[in-house]
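In the working numbering, the protein residues as written are 273 to 364. Glycine is no exception: its CB is placed at the ideal position from the N, C-alpha and C atoms. Being a predicted model, the structure only gives us computed values, none of them experimental. Before any comments, here is the structure.
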C-alpha cells in the first residue's frame, strides 16, 4: 500500500468529548504520526501520515469517534507522504 498522508475535518459533537485525546491514542496505536486540533467552527482537524492501511483504519475510527461524540461528517483529503512528523500530537 505505501506511505501516505490524510487530512480530515470532522464535524458534529466532537469538542468537549475527548475526541483529540482519543484520536491521539488511536493514531499511536496504528503507528501514525501527525496532529489533531480543535477548529474554531466546532469541528476537529486531523493530519496524519503513515501506512495507507493504518490511515484507512483511522478514518473509519473518526467516523464514530469516542463514545460521547456524535460525528455528523468526515471530510477526507488524501495527499502524498511528506515525512514531516515523528510522533502524533494534540495541537492547541
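Take residue 347, set aside five residues on each side of it, and the residues of its chain with a beta-carbon closer than 6 Å to its own are 281, in chain order.
Taking a 10 Å sphere around the C-beta of residue 291, we find 16 or more other C-beta atoms and assign the residue as buried. Judged by beta-carbon spacing, residue 299 lies beyond the 9 Å limit of residue 275, meaning their Cβ atoms are not closer than that value. A check of alpha carbon separations from residue 324 across 351, 296, 358 and 313 identifies 351 as the nearest. With a 10 Å radius around the Cβ and a threshold of 16 neighbouring Cβ atoms, residue 362 comes out exposed.
For the options 308, 304 and 309, the alpha carbon positioned closest to that of residue 326 is the one of 304. Between residue 360 and residue 306, the C-beta spacing is below 9 Å. In the three-state DSSP reduction, residue 330 falls in the helix class (H, G or I).
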